[in-house]
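Down below is the structure, laid out as structure tokens.
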Amino acid sequence: MTKISPTDAYEIVAGRGPAGLILLCDHASNAVPPEYGDLGLPAAQFDRHIAYDIGARELTLGLADRLGAPAVLSCFSRLLIDPNRGLDDPTLIMRISDGAAVPGNAQVDEAERQRRIARFHAPYHRAVAEAIRAVEVLGVVPLVVSIHSFTPSWRGWPRPWHVGILWDRDETIATAMIRGFAAQGDLVVGDNEPYHGALEGDTLNTHGTVPGRPHALIEVRQDLIAAKTGVDEWVGRVARVIEPIMNDLRRDPDLQRRSRP
């Protein structure tokens, strides 16, 4: 577990020019500020997926560097509050996560809930909104891509996918990504697997679906990006999928508009 300063809710990576792409990483960190201690959990729990998405930060940073894209990454553990949940979602602050009781969340009242929203959740989403606006003021409709990772199995059931693409009402970008990964020839690609992309109030619903921006969520199986060699491989794999989509968006403004409700 990494300790963070009281003001660190997000990390910004500046882009290198008008890429038209914004990368997000909601579950980049397993950090909690000092006053929350360890939330009553053993240190080993912060190495699990319940605390953060293993490998997702490194993959996001690698993609930002390769593609010259700006990125916004969270700097706090999802155990503290989950930035990829709407404010009315009952899993916003988890009392039990994948079998692990979280003592530090057991007695969270409304006042503490609002403190965590104001200190972590809201600043992160403001940073995402500001990053998007910084591109849109240039007359560019950005492609918003959120990077996550998932466990190889869930409650004893193996997950065969190497990568999954999540989407809600607009499949335009998701379909292109699914085809792009499938064309690599050696991947099992999930279409709204291992999760469904329809989650009211989550990050892409808020910043992609509702405002009608082109978007998709990429889930990479965490054992494939747990080490640097895997991250490097997947930076290449994901970039090879995103780059032609970006070219299509630049050539065809109507493709951007098709993502609008």
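Sequential numbering of the sequence shown, starting at 400, is according to the numbering used here. Using N, Cα and C, we set each Cβ at its ideal position, and we do this for glycine too.
Partner residues in a beta bridge of D622, as assigned by DSSP, do not exist. Between E592 and W633, the gap from beta carbon to beta carbon reaches 8 Å or more.
When the Cα atoms are used, R512 and A505 turn out to be separated by approximately 12 Å. Between V544 and I480, the CB-CB gap reaches or exceeds 8 Å. In the DSSP assignment, Y409 falls within the unbroken beta strand (DSSP E) covering Y409 to V412. Assigned with DSSP and collapsed to three states, D446 falls in helix. Under the three-state reduction of DSSP, H426 is assigned to coil, being neither helix nor strand. Beyond the five residues adjoining it in sequence on each side, E410 comes within less than 6 Å, by CB distance, of L472 and C474 in the same chain, given in chain order.
In this chain, the beta strand (DSSP E) harbouring F549 covers L542 to F549. Pairing L423 with I624 gives a Cβ-Cβ distance that is not under 8 Å. H524 and R447 have their alpha carbons spaced roughly 24 Å apart. When the beta-carbon positions are compared, I421 and V562 stay at least 8 Å from each other.
Sorting A408, P557, D622 and H614 by C-alpha distance to the C-alpha of P432 places A408 at the top. By the neighbour-count definition (other C-beta atoms within 10 Å, threshold 16), D567 is a buried residue. For the options A443, D508 and H547, the alpha carbon positioned closest to that of V630 is the one of H547. When the beta-carbon positions are compared, L542 and I449 stay at least 8 Å from each other. Counting along the chain, L648 sits inside the alpha helix (DSSP H) bounded by residues K627 to R650. For V562, the enclosing beta strand (DSSP E) has its first and last residue at V562 to L565. Counting the other CB atoms within 10 Å of its CB gives D585 a total below 16, which places it among the exposed residues. Secondary structure of I617 (DSSP, three-state): strand. When secondary structure is reduced to three states using DSSP, G503 falls in the helix class. DSSP lists P557 as the bridge partner or partners of S552. Looking from the CA of V587, the closest CA among H614, V619 and G419 belongs to V619.
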